[in-house]
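Contents: one structure, followed by commentary.
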Amino acid sequence: MRLDPMDKSETGEPLSPGEQRLWRAFLGWSERATGAVAKGLAAAGVSVPEFEILARLDAAPHGRLGQLALGEDLGWSASRLSHQLTRMSTRGLLAREAAGAGRAVEVTLTPQGTDLLRAAQRLHADAVREGFLAGLGEEGRRVLGEVFERG
Numbered sequence: 212m213r214l215d216p217m218d219k220s221e222t223g224e225p226l227s228p229g230e231q232r233l234w235r236a237f238l239g240w241s242e243r244a245t246g247a248v249a250k251g252l253a254a255a256g257v258s259v260p261e262f263e264i265l266a267r268l269d270a271a272p273h274g275r276l277g278q279l280a281l282g283e284d285l286g287w288s289a290s291r292l293s294h295q296l297t298r299m300s301t302r303g304l305l306a307r308e309a310a311g312a313g314r315a316v317e318v319t320l321t322p323q324g325t326d327l328l329r330a331a332q333r334l335h336a337d338a339v340r341e342g343f344l345a346g347l348g349e350e351g352r353r354v355l356g357e358v359f360e361r362g
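For the sequence shown, the working numbering begins at 212 and goes up steadily by one.
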């Protein structure tokens with residue numbers, strides 16, 4: 212049952228010109244924003260996925276998170292996360308160790324990972340402000356925040 216008569220999601224109809232324009236504008240804006248952040252972080256020698264993992268570990272109590280919880284927080288598959296964590300562990304940015312009985316794994320931020328995160332945080336903030344927040348204004352930020360929080 213459709214609650215919104217303008218919602219064509221169940222009709223199988225293609226996007227209207229307005230919907231298509233909005234979608235394409237979002238894609239272009241998203242690419243520019245993520246590209247600006249990636250470029251800013253690259254100057255510190257860290258990728259966006261690496262930064263996101265380091266930042267989440269840094270925010271966690273004692274710099275530790277269960278691997279399953281980390282993957283859920285990122286919205287990543289177990290395989291993608293495992294490969295990324297292996298690369299980061301090889302670089303000395305984090306450590307993985309068994310956590311209790313079973314196959315649970317705990318991921319811990321290392322001092323080297325903390326140092327890299329600190330070096331990248333200002334660049335990340337500048338890139339987010341320039342590539343994502345610039346031009347939105349207070350009302351645009353509020354509305355966009357509400358849309359994103361609804362999921």
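Glycine is no exception: its CB is placed at the ideal position from the N, C-alpha and C atoms.
Indicate whether the contact test is met: 3 or more Cβ pairs, each with one atom in the stretch 234–253 and one in the stretch 293–305, closer than 8 Å.
no
What span of residues does the beta strand (DSSP E) with Thr319 cover, start to end?
Counted as a single uninterrupted DSSP element, the beta strand (DSSP E) harbouring Thr319 occupies residues 316–320.
Hey, out of Gly342, Ile264, Asp337, Gly313, whose CA is closest to Ala306's CA?
Ile264
Measuring straight from C-alpha to C-alpha, what distance separates Leu334 and Ala254?
C-alpha separation (whole angstroms): 8 Å.
Rounded distance between the beta-carbons of Gly277 and Ala315, thought under 8 Å:
6 Å
Under 8 Å by Cβ, that's how I've got Leu320 and Gly274 pegged, so tell me the actual separation to the nearest angstrom.
4 Å
Specify the secondary structure class of Arg302 as computed by DSSP and reduced to three states.
coil
Can you tell me whether Gly324 is helix, strand or coil according to DSSP?
helix
Anyone know if the C-beta pair for Leu281 and Arg267 falls short of 8 Å?
In this structure, Arg267 lies closer than 8 Å to Leu281 by Cβ.
Reduced DSSP secondary structure (H/G/I, E/B, other) of Ala271
Under the three-state reduction of DSSP output, Ala271 falls in the coil class, being neither helix nor strand.
Note down, in chain order, each residue of its chain lying with its Cβ closer than 8 Å to the Cβ of Glu210, except the 5 sequence neighbours on either side.
Residue 210 lies beyond the residue range present for the chain, which begins at 212 and ends at 362; the question has no answer from this structure.
Could you compute how far the alpha carbon of Ala247 sits from the alpha carbon of Pro225?
32 Å
With distances taken Cα to Cα, identify the nearest neighbour of Arg302 among Pro322, Gln231, Arg232.
Residue Pro322 is the option with its Cα nearest to Arg302.
Using only the alpha-carbon positions, how far apart do Ala330 and Phe359 sit?
28 Å
For the alpha helix (DSSP H) holding Thr245, just list the boundary residues, first then last.
228–253
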